[in-house]
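Working notes, structure below.
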Amino acid sequence: MPNATDHEGRASSASARAAASAAATRRLLLVGATAGALAPLATPALAQARPLRIGMVTSLSGPFAALGESMRAGMRLLLAQSGERFADRPVELIVEDDQARPDDGVRKARKLIGQDRVDLLCGVIHSGVALALRDVVTEAQMPTFLLGSANDLARKAVSPYILRPTKTNWMLGSTAARRSHETHPGARVVTAASDYAAGREFVGDFVQTYQEFGGRIGRQFWTPLGSADFGPLLTAIAAERPDSVYVFFAGSDAVRFLRQWKEYRLAGRIRLTGTGACFDQEDVLPAVGDAALGAVNTFHQSPTAPASAAFVEAYRTSGKGLPGEFSTTGYACGQVLRAATERTGGDPTDWARTRQALFDAPVDTAFGRMPFDPRNGQAILDIHVHEVRSAPGGVINTVVHTYPQLRDPGPNA
Amino acid sequence: MKRNIAMVALPAAAAAAAALLADDFVLRFLAEILLFGIAVMSLDILIGFGGLMSLGHAALFGGAAYAAAIAARQWGGDVALVLGSGIATGMVLAALMGVVVLRSGHLFLLILTLLMGQMVWEVAFHWREVTGGADGLRGLPALSLGPWTLSTARALFLLAALLAAVAFVVGRSFVAAPIGRALVGTREEPIRMAALGYSLFAVRFRALVLAGALAGAAGALFPFVNLYVGPQSVHWTQSAAMVIMLVIGGIGSLWGAFIGSAVYLGIQTYLSAYTDRWQLCVGLVFVLTVLLLPNGIASGLRILRDRLRRRGA
Numbered sequence: 001m002p003n004a005t006d007h008e009g010r011a012s013s014a015s016a017r018a019a020a021s022a023a024a025t026r027r028l029l030l031v032g033a034t035a036g037a038l039a040p041l042a043t044p045a046l047a048q049a050r051p052l053r054i055g056m057v058t059s060l061s062g063p064f065a066a067l068g069e070s071m072r073a074g075m076r077l078l079l080a081q082s083g084e085r086f087a088d089r090p091v092e093l094i095v096e097d098d099q100a101r102p103d104d105g106v107r108k109a110r111k112l113i114g115q116d117r118v119d120l121l122c123g124v125i126h127s128g129v130a131l132a133l134r135d136v137v138t139e140a141q142m143p144t145f146l147l148g149s150a151n152d153l154a155r156k157a158v159s160p161y162i163l164r165p166t167k168t169n170w171m172l173g174s175t176a177a178r179r180s181h182e183t184h185p186g187a188r189v190v191t192a193a194s195d196y197a198a199g200r201e202f203v204g205d206f207v208q209t210y211q212e213f214g215g216r217i218g219r220q221f222w223t224p225l226g227s228a229d230f231g232p233l234l235t236a237i238a239a240e241r242p243d244s245v246y247v248f249f250a251g252s253d254a255v256r257f258l259r260q261w262k263e264y265r266l267a268g269r270i271r272l273t274g275t276g277a278c279f280d281q282e283d284v285l286p287a288v289g290d291a292a293l294g295a296v297n298t299f300h301q302s303p304t305a306p307a308s309a310a311f312v313e314a315y316r317t318s319g320k321g322l323p324g325e326f327s328t329t330g331y332a333c334g335q336v337l338r339a340a341t342e343r344t345g346g347d348p349t350d351w352a353r354t355r356q357a358l359f360d361a362p363v364d365t366a367f368g369r370m371p372f373d374p375r376n377g378q379a380i381l382d383i384h385v386h387e388v389r390s391a392p393g394g395v396i397n398t399v400v401h402t403y404p405q406l407r408d409p410g411p412n413a
Numbered sequence: 001m002k003r004n005i006a007m008v009a010l011p012a013a014a015a016a017a018a019a020l021l022a023d024d025f026v027l028r029f030l031a032e033i034l035l036f037g038i039a040v041m042s043l044d045i046l047i048g049f050g051g052l053m054s055l056g057h058a059a060l061f062g063g064a065a066y067a068a069a070i071a072a073r074q075w076g077g078d079v080a081l082v083l084g085s086g087i088a089t090g091m092v093l094a095a096l097m098g099v100v101v102l103r104s105g106h107l108f109l110l111i112l113t114l115l116m117g118q119m120v121w122e123v124a125f126h127w128r129e130v131t132g133g134a135d136g137l138r139g140l141p142a143l144s145l146g147p148w149t150l151s152t153a154r155a156l157f158l159l160a161a162l163l164a165a166v167a168f169v170v171g172r173s174f175v176a177a178p179i180g181r182a183l184v185g186t187r188e189e190p191i192r193m194a195a196l197g198y199s200l201f202a203v204r205f206r207a208l209v210l211a212g213a214l215a216g217a218a219g220a221l222f223p224f225v226n227l228y229v230g231p232q233s234v235h236w237t238q239s240a241a242m243v244i245m246l247v248i249g250g251i252g253s254l255w256g257a258f259i260g261s262a263v264y265l266g267i268q269t270y271l272s273a274y275t276d277r278w279q280l281c282v283g284l285v286f287v288l289t290v291l292l293l294p295n296g297i298a299s300g301l302r303i304l305r306d307r308l309r310r311r312g313a
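Listed below in structure tokens is the structure:
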């Protein structure tokens, strides 16, 4: 057993060395103590050398597992492109799973803040988790780039510690209503959505805006998050005979809904409109084939918009398909984090300064030019209207119209 | 006598050490373990002593959590108010559940408790005006005791530790008292107990209401750990998680409940940073416990202690 002797040999020589260097250790300690005393003088340099710790809370299990994987992949791609460094400072990303459950999300955020001592926090898909985190990060005064899209985060629940480099639900719901009114005025629309914060808001904003235009709204249907069987819902929709239906489902719910939409032979009979999440290019469309063909949706993320071309190309070369909302969101969030670090000379932890630096000038991201609204830290975004069209190798969200630079009504709404 | 002193001193010393040394995250995490531990311990009274297999325990725990959160949002976070509303809700829900389920046994009891639990979940999930629906309730005030606010993690932990100690004493007294012995009797020899003049229903009902009070007390503090309560806390999967904690910790030992909740929540919180498949690990631990230590980690520790003592003697 040559290996064993080798180990023993190494071990004994190491202990001999340790004994011999006991005196040297004492001297070293002295040097160390002196260095320790001088350390405060050298803090700026040390801060540069210490890696920038970024915590990410996202859903890696539960109904949003695929979306969370995409978000992480987008962020990782940006980190790889930046050589794992922002402004010459190494970056360390710690990802935690919230299982799309507010309780677990809060616990994980506390762990990242209290135990891993991250410098910046980002992530979140589920609006409920985002709202639950709001109080926690505000109490802990933790700089947070919150990617959940609940309207309240840009309104009643605005927090000085939260920046939002993503859409609000209002941006998608209201533009969908505008588009419906512009293309099919007077159509009678029913709605169907997952029964949680995001669904309530998408549908609420759609209905409100559509009614302001004088449109007619039929029944509103709700299903719990994580539904397996949409049969009863689809029969009820068919019985209503609407001109069009506005839907919001996300992740695996969207896949099951669209498959059953086709199985129940509603595809092509009732005009299908919805939020972009329900027709996500990466996480939904490849899994449903042609079931969503012809559907119209509004989204801030687009695989065919010019601003995202460079990212789409990079994402495809990294061996994935076309990017969807959450890979783009993860990437764009990374771009904002990078800009924040660069604009503050490598130390974005002085939050007032970082915030101001991001408010001063827009950031170029995969969502396009992104200015921040100083009232609520909410990004101002282009919203694209997509039609799902067939393309070589599958179906693709094709931009048919763009509402430029949409700004959430904000805290006074 | 010496043993009794050790039994009081050891946990007290551990709690004091934790309160002095641990950081905020760990303290909140320990508080969560203790609160779940209390709820699981109350479940142990039902399952371990009464043989009443319940899959609706989260309804008592979570229902009390909602009640306490709603009361606190309405009238402020006074500890007496919070605990009072939680305990009352836990007892009322347990009494309602008892009236419906306790005439049946075994499989039917399991299913009826599951259904009762899901009814509470339905209410929590759909009554948006009061419970916040799927989004749950946030914006809770800080806990307060008279003039003092207890908003720090340390205060919360100490409160949870105190509650756990009281709950443990209550639980132990209950199972040692005649009513507790009678509860074991209804499990082992229901026919003989009935012949002796005991009302099976009355004995079991009291046990269930007591378990509801304990779970309710724990549930009342639970929203203040994360400043949030959501429908997940009343869902039946939470009840199942409690049963798993109980089996891992040790059925019939009371204190094993705290070990079980520590193991379960520890795996969930720490392992999930390294793997997305933490539930697989919970499953493995569960299977290993059932195969190797049918009476849970608590019994394993007891065997270990006896062996050490014999070697020492």
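In order, the protein sequences belong to chains A and B.
UniProt numbering puts the first residue of the first sequence at 1, with every later residue one more than the last.
UniProt numbering puts the first residue of the second sequence at 1, with every later residue one more than the last.
Note that CB positions come from ideal geometry on N, CA and C, so glycine has one too.
| Asked | Found |
| --- | --- |
| At least three beta-carbon pairs within less than 8 Å, the region 131-138 of chain A to the region 107-114 of chain A | yes |
| Start-to-end residues for the alpha helix (DSSP H) that takes in Q301(A) | Per DSSP, Q301(A) belongs to no alpha helix (DSSP H) and is neither H nor E. |
| C-beta neighbour in chain B for V106(A), strict 8 Å | yes |
| M119(B), DSSP secondary structure in three states | helix |
| Contact set for L30(A): own chain, Cβ-Cβ below 8 Å, skip 5 residues either direction | Low local confidence applies: a pLDDT of 48 at L30(A) is under 50, so the model's placement there is unreliable, with the coordinate-based value given in what follows. So no residue of the chain qualifies. |
| Uninterrupted beta strand (DSSP E) stretches inside the region 290-351 of chain A (no shorter than 3 residues) | 296-299 |
| First and last residue of the uninterrupted beta strand (DSSP E) at Q405(A) | G394 to L406 |
| Distance between beta carbons of L93(B) and G63(B), contact taken as under 8 Å | 5 Å |
| Of the listed residues I267(B), R310(B) and M245(B), nearest to A58(B) (C-alpha basis) | M245(B) |
| Assigned exposure category for P185(A) - 16 Cβ within 10 Å defines buried | exposed |
| I38(B), buried or exposed, once every other Cβ within 10 Å from all chains shown has been counted against 16 | buried |
| Cβ neighbours of residue 415(A) in the same chain (closer than 6 Å, five flanking residues each side left out) | Since the first and last residues shown for chain A are 1 and 413, residue 415(A) lies out of range. |
| Candidates P286(A), G128(A) and Y315(A): closest to I396(A) by CA position | P286(A) |
| Beta-carbon proximity of T58(A) to G74(A), cut-off 8 Å | no |
| Of the listed residues A80(A), D205(A), Y315(A) and L266(A), nearest to W170(A) (C-alpha basis) | D205(A) |
| Contacts that Y161(A) makes with chain B (C-beta to C-beta distance below 7 Å) | Here the premise fails: no neighbours, minimum Cβ distance about 15 Å. |
| Cross-chain neighbours of S233(B) in chain A, by beta carbon under 8 Å | D103 |
| Top-ranked residue by Cα proximity to Y66(B), from S85(B), R172(B), M119(B) and G51(B) | S85(B) |
| Below-8 Å beta-carbon distance, G114(A) vs any chain B residue | yes |
| Cross-strand partners of C122(A) (DSSP beta bridge) | M56(A) and F145(A) |
| Beta carbon proximity, L225(A) to chain B, threshold 8 Å | yes |
| Simplified DSSP assignment, three categories, for W278(B) | helix |
| Meets three-Cβ-pair contact criterion under 8 Å: the region 222-242 of chain A and the region 154-169 of chain B | no |
| Nearest candidate by alpha-carbon position, reference residue 414(A), set L163(A), G394(A), F213(A) and I270(A) | This structure cannot settle anything about residue 414(A), because the visible part of chain A is limited to 1 through 413. |
| Close-in-space but distant-in-sequence residues of the same chain around R274(A) (CB under 7 Å, 5 per side omitted) | The sequence as given places Gly at residue 274(A); Arg does not occur at that position. Cβ within range, chain order: Y246, V247, F248, A295 and N297. |
| Element boundaries [beta strand (DSSP E), containing T168(A)] | It is not in any beta strand (DSSP E) - T168(A) carries neither H nor E in the DSSP assignment. |
| First through last residue of the beta strand (DSSP E) which encompasses F221(A) | R216 to T223 |
| Classification of K167(A) by the beta-carbon crowding that lies within 10 angstroms, buried from 16 upward | buried |
| Pairwise C-alpha distance: R204(B) and D290(A) | 58 Å |
| Coarse secondary structure for V82(B), derived from DSSP in three states | helix |
| Rounded separation between P303(A) and S149(A) - CA only | 20 Å |
| is_contact[V284(A), chain B] using C-beta, thresh 8 Å | no |
| Close beta carbons around I297(B), own chain, < 8 Å, minus the five adjacent residues each side | I248, G249, G250, G256, I259, G260, V263 and T289 |
| Proximal residues to A100(A) (C-beta, below 6 Å), its chain only, five neighbours per side dropped | S59, G62, P63, F64 and H126 |
| Separation of A198(A) from Q220(A), as counted between CA atoms | 15 Å |
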